[in-house]
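As structure tokens, the structure follows; a few thoughts come after it.
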Amino acid sequence: MDMLRSSEMPKHVVILGAGFGGLYAARALRRAQARVTVVDRRNHHLFQPLLYQVATAAVGPSEIAAPIRSILRRQANATVVLSEARSIAPNRKVVILSHGEMRYDFLIVATGATHSYFGHDEWARYAPALKTIEDALEIRRRVLFAYEAAEVESDPQRRRDWLTFAVVGAGPTGVELAGALAEISRHTLAHDFRRIDPKQARIILVEGLPRVLPPYAPILSEKAQRQMASLGVEVRTNAHVTHIDEHGVSLGNERIPARTVLWCAGVAASPLAKSLNVPLDRAGRVLVRPDLTLPGHDDVFVVGDLAAVEKNGKLVPGVAPAAVQEGLHAARNIVRALRGEPYEPFRYIDKGSLATIGRSRAVAEIRGLKLSGFVAWISWLTIHVFFLIGFRNRFIVIINWAYSYLTFRRGARLITGPLPPHQLTSLSPNTHVPLDERTPFGPFGHQAMTAPEKLESPTQEPEKLEAFVCPV
Ligand SMILES: Cc1cc2nc3c(=O)[nH]c(=O)nc-3n(C[C@H](O)[C@H](O)[C@H](O)COP(=O)(O)OP(=O)(O)OC[C@H]3O[C@@H](n4cnc5c(N)ncnc54)[C@H](O)[C@@H]3O)c2cc1C
-13 MDMLRSSEMP
-3 KHVVILGAGF
7 GGLYAARALR
17 RAQARVTVVD
27 RRNHHLFQPL
37 LYQVATAAVG
47 PSEIAAPIRS
57 ILRRQANATV
67 VLSEARSIAP
77 NRKVVILSHG
87 EMRYDFLIVA
97 TGATHSYFGH
107 DEWARYAPAL
117 KTIEDALEIR
127 RRVLFAYEAA
137 EVESDPQRRR
147 DWLTFAVVGA
157 GPTGVELAGA
167 LAEISRHTLA
177 HDFRRIDPKQ
187 ARIILVEGLP
197 RVLPPYAPIL
207 SEKAQRQMAS
217 LGVEVRTNAH
227 VTHIDEHGVS
237 LGNERIPART
247 VLWCAGVAAS
257 PLAKSLNVPL
267 DRAGRVLVRP
277 DLTLPGHDDV
287 FVVGDLAAVE
297 KNGKLVPGVA
307 PAAVQEGLHA
317 ARNIVRALRG
327 EPYEPFRYID
337 KGSLATIGRS
347 RAVAEIRGLK
357 LSGFVAWISW
367 LTIHVFFLIG
377 FRNRFIVIIN
387 WAYSYLTFRR
397 GARLITGPLP
407 PHQLTSLSPN
417 THVPLDERTP
427 FGPFGHQAMT
437 APEKLESPTQ
447 EPEKLEAFVC
457 PV
């Protein structure tokens, strides 16, 4: 009787991670005769391709994220569990979560990737990477704070250091961030300060390989580099970072003093892969079989950034469309198995690549067609809005983009949370705000910001500044 009941029970499909791979898999199982449990350590699905827009104050965090529970609210066979997956025991068909064990009949592992500092985790403190909403807010805080610190800094060299932004890694994220930082300095903040000229900020993009956007066709890399130069971004290719600290970046013997360093260089697979005890590639991704299952375990699928999937001898790239296609494919194979049919191999359809560089500037490679400039930018805009989850988010993002496009302004310029300690301690002790201009809130009170003279450039000599140095 018990055996009969258990064979009649709907199979339990557990999905770890509600990013692109996991969420699309869950939705593809909505009509399956199965119970679906989606486990994520965050309560929201995040549209990572627009994270840099949060980091550069163009949109707020809630516009690019949506609660997983809300996305799946109409899917009766789906349950959402907020928990962290600690490890997987495929031999026992169990996942070990932060709050206990969960059994599965089928498992889809879609926990994605994280950033890698190539063995220099100590750099993370000085050069935040961009992967989560918290990362984006931290970057936004550092970038906006750098201008505030420069405004109240009396020493010309230190002021220059605050106004130097180094972005390490010229893949799509590095290019997008550097382009947005240049726009912030040249347009958004151009008239907001009294003592510094934000337009004098240096944005330096550092890349270890010979060209920016290495996965793109060389002609598009060239075009992207030209578009970046027109925005004022200094591109340094063939440049290997050897050291990062709170005062800047070293490229071998060369030192770039920069108070804001952002890391867009390395990716490493989710550490959960190690618990599977199967062969991994150098980035820690799981070497899956052609049907996306784990070697030796037909009931475990690995999809998205965590999976090393080959197509014609090349790895399928770690991009959102690949994760979506793999998530959908794993779900379809599970439906086939429920019907007693064999699995089918996965076939990746490359829909192209797009990277935006700034207002009206982008490059795109779509089905062999190479686009750049305004046309590529419009394609980028349309595709990103189309794939954002939720009508409200699409609507608000379009409004925000239209506002930024027409006014050059960015609506989310908030400095939130405590100021980074290493930045605070390094502010000049003689912070140049006359005592009588200080407010009870300390040197950052609004009075201090209304100093009468605006410097033409950060190289201007300190005479003019003397008036602001507090005579201790
Ligand atoms: C800044 C940035 C910009 C990008 N820009 C683009 C772009 O323009 N175009 C493009 O195509 N791709 C872009 N990508 C890549 C794209 O976002 C990824 O390829 C895609 O998100 C991979 O999907 P995934 O489902 O494998 O993983 P993710 O989307 O990363 O989802 C993983 C999920 O698993 C959860 N998770 C992780 N570990 C655990 C755990 N132990 N327990 C429980 N839950 C866990 C996470 O919270 C997350 O929700 C970008 C990525 C970044 C970081």
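Residue numbers (our numbering): -13 to 458.
Heads up, the beta-carbon is just placed ideally off N, CA and C, and yes, glycines get one too.
Cβ-Cβ distance between residue i and residue j below 8 Å
i, j, result
"L9", "D285", "no"
"E87", "R27", "no"
"V40", "R146", "no"
"A203", "K300", "no"
"L292", "G98", "yes"
"N29", "P53", "yes"
"I1", "A51", "no"
"E232", "Y112", "yes"
"A132", "W148", "yes"
"T393", "W363", "no"
"V95", "L278", "no"
"H31", "G5", "yes"
"R89", "I82", "no"
"F510", "A244", "Here the chain has residues from -13 to 458 only, and residue 510 is not among them."
Check: residue i C-beta below 7 Å from any heavy atom of ligand 1
i, result
"T159", "yes"
"K337", "no"
"L32", "yes"
"E70", "yes"
"F6", "yes"
"A210", "no"
"T42", "no"
"G403", "no"
"K79", "no"
"S256", "yes"
"L292", "yes"
"D267", "no"
"V25", "yes"
"P276", "no"
"T97", "yes"
"A113", "no"
"P307", "yes"
Residues near residue i in its chain [Cβ-Cβ closer than 6 Å; skip 5 each side]
i, result
"G194", "H226"
"F33", "I50, L374"
"Q213", "I343, R347"
"A12", "I1, V22, V24, A64"
For residue i, the three-state DSSP class (helix, strand or coil)
i, result
"F394", "coil"
"S256", "coil"
"M(-5)", "coil"
"L357", "strand"
"K440", "For K440, the predicted structure reports a pLDDT of 40, less than 50, and the residue's modelled location is therefore unreliable. The matter cannot be settled from this model."
"S102", "strand"
"P457", "In this prediction, P457 has a pLDDT of 25, which is less than 50 and means its spatial position is unreliable; what the coordinates show is noted afterwards. Here P457 sits in coil by DSSP."
"V247", "strand"
"D285", "strand"
"T23", "strand"
"G234", "strand"
"P114", "coil"
"P200", "coil"
"E327", "coil"
"A350", "strand"
"L15", "coil"
"P265", "coil"
"F430", "Unreliable placement is indicated for F430, whose pLDDT of 34 sits below 50; no coordinate value is reported for it."
"P142", "helix"
"T417", "Unreliable positioning characterises T417 in this predicted model, as indicated by a pLDDT of 48, which lies under 50. A coordinate reading is not provided."
Assumed close pair residue i, residue j - CB separation to whole angstroms, cut-off 8 Å
i, j, result
"V235", "V192", "7 Å"
"V129", "T246", "6 Å"
"D121", "A115", "6 Å"
"H101", "W249", "7 Å"
"L206", "V349", "4 Å"
"A317", "L15", "5 Å"
"L199", "A210", "5 Å"
"T159", "Y38", "6 Å"
Contacting residues, own chain, Cβ-Cβ under 7 Å from residue i (five flanking each side not counted)
i, result
"G218", "A168, R172, I189"
"V402", "A small correction: the amino acid at residue 402 is Thr; Val does not occupy that position in the sequence shown. These residues qualify, in order along the chain: L123, R127."
"L262", "I74, P76, V272, L280"
"I369", "L340"
"V253", "A99, H101, S102, A269, G304"
"G338", "A350, E351, I352, R353"
Own chain residues within Cβ distance below 8 Å of residue i, not counting five before or after
i, result
"R396", "T42, A43, A44, I170, T174, S390"
"L324", "K(-3), A18, Q19, A20"
"E220", "R188, I189, I190, L191"
"R322", "P328, Y329, E330"
Residue i: CB within 7 Å of a non-hydrogen atom of ligand 3
i, result
"K117", "Here the bound small molecules are ligand 1; ligand 3 is not part of this structure."
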